[in-house]
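Here's the structure, in structure tokens; my notes come after.
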Amino acid sequence: MKTSLLMLHGAIGASCQLKAIAGELSERYDVHLLDFPGHGGEALPAESFSIPLFADAARNYIQDHNLVQPMVFGYSMGGYVAMYLASRHPELLSRIVTLGTKFHWNETSAAREVKMLDPAVIAEKVPAFAAALKTMHAPNDWKQVLHNTADMLLNMGRDNLLTPADFQNIKLPCLLMQGDRDKMVTFDETIATYKKLPDARLAVLPNTPHPMEQVNPSLIAYLIK
350 MKTSLLMLHG AIGASCQLKA IAGELSERYD VHLLDFPGHG GEALPAESFS
400 IPLFADAARN YIQDHNLVQP MVFGYSMGGY VAMYLASRHP ELLSRIVTLG
450 TKFHWNETSA AREVKMLDPA VIAEKVPAFA AALKTMHAPN DWKQVLHNTA
500 DMLLNMGRDN LLTPADFQNI KLPCLLMQGD RDKMVTFDET IATYKKLPDA
550 RLAVLPNTPH PMEQVNPSLI AYLIK
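Numbering of the sequence shown is given in our numbering, commencing with residue 350 and proceeding in unit increments.
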């Protein structure tokens with residue numbers, strides 16, 4: 350029987366961005382792609398975007414699809430969701446792999462990220478990206494997805510939900526991956542989290558920036574395997 354693998358996308362993203370990696374892994378794993386509420390065409394939730402909301406969506410998916418302690422791969426925010434889920438429901442998962450996940454948030458870092466989520470600026474300066482977001486989140490309004498995400502990040506800056514004690518209590522095997530050219534996540538914060546986790550490994554990916562579209566799917570799949 351194949352091991353189940355649940356793949357979680359990043360903020361303002363969707364599961365379609367992970368299909369290339371999923372394709373590399375499908376022979377070995379029973380791969381599942383999840384779109385968080387309000388993403389990838391999933392209905393916008395009545396409540397605000399939050400890590401607990403997305404972790405509940407992952408937990409419900411695992412239970413509804415009868416996945417027995419799946420491995421979870423989380424890109425960027427998806428990795429944070431995976432760690433949050435493991436800190437609250439460790440019995441649900443077998444291991445965690447993250448890529449480009451920012452674990453340490455404060456008001457300064459949150460404000461910096463929110464500045465890059467201005468729909469008007471994106472539409473004017475990067476129209477191709479705006480078009481991609483529109484397609485990715487249809488029929489939802491991609492601008493609303495960005496606004497909701499900005500609010501979530503500001504809340505995370507005020508109250509970082511994962512503490513050092515949370516990481517120390519996550520006993521699952523974990524692999525933290527970071528690109529050597531990632532401008533969003535610092536090596537210091539990734540290494541600090543790696544050192545707190547009792548059973549962790551660290552991988553630095555060469556010639557790899559933060560955006561999922563610019564990573565090497567074969568390399569990611571190799572490291573997951």
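C-beta atoms are modelled at their ideal positions from N, C-alpha and C, and glycine is treated no differently.
Please read all numbers here as calculations on a predicted model, not as lab measurements.
Count the other CB atoms, across all protein chains shown, that sit within 10 Å of the CB of residue i; report buried if there are 16 or more and exposed otherwise.
| i | result |
| --- | --- |
| H388 | buried |
| D413 | exposed |
| Q527 | buried |
| S567 | exposed |
| T539 | buried |
| A460 | exposed |
| V417 | exposed |
| V564 | buried |
| P635 | What is shown of the chain runs 350 to 574, which leaves residue 635 out entirely. |
| T447 | buried |
| Q366 | buried |
| V470 | exposed |
| Y571 | exposed |
| A479 | buried |
| P439 | exposed |
Compute the distance between the beta-carbons of residue i and residue j, then report whether it is under 8 Å.
| i | j | result |
| --- | --- | --- |
| L521 | D548 | yes |
| F516 | T542 | yes |
| H486 | A371 | no |
| L442 | V421 | yes |
| L495 | I361 | yes |
| A404 | R444 | no |
| A511 | D529 | Sequence check: residue 511 is Leu here, not Ala. For L511 and D529, no; Cβs fall outside 8 Å. |
| N509 | H453 | yes |
| N489 | L393 | yes |
| V380 | M356 | yes |
| F385 | A406 | yes |
| E462 | L502 | yes |
| R377 | K574 | yes |
| S586 | D467 | Residue coverage of the chain in this structure runs from 350 to 574, which leaves residue 586 outside it and unanswerable. |
| A431 | G423 | yes |
| P513 | K492 | no |
Assuming residue i and residue j are in contact, meaning their beta carbons sit under 8 Å apart, how far apart are those beta carbons, in whole angstroms?
| i | j | result |
| --- | --- | --- |
| G449 | D537 | G449 to D537, Cβ: 15 Å. No contact. |
| G359 | S425 | 3 Å |
| L374 | L354 | 6 Å |
| K451 | V534 | 5 Å |
| N455 | G506 | 6 Å |
On the DSSP bridge assignment, give the partners of residue i in chain order.
| i | result |
| --- | --- |
| H381 | L355 |
| T539 | In the DSSP output, where bridge partners are listed per residue, T539 has none listed. |
| I445 | V421 and C523 |
| V430 | DSSP lists no partner for V430. |
| V553 | Q527 |
So, is the C-beta of residue i closer than 8 Å to a C-beta in chain C?
| i | result |
| --- | --- |
| L572 | Here chain C cannot be found, since the structure has a single protein chain. |
Report the residue ranges of all beta strand (DSSP E) runs contained in full by the segment 474-523; include only those spanning at least 3 residues, in chain order.
none
Would you mind listing the beta strand (DSSP E) stretches within the segment 362-409 that are 3+ residues and don't spill past its ends, in chain order?
378-383
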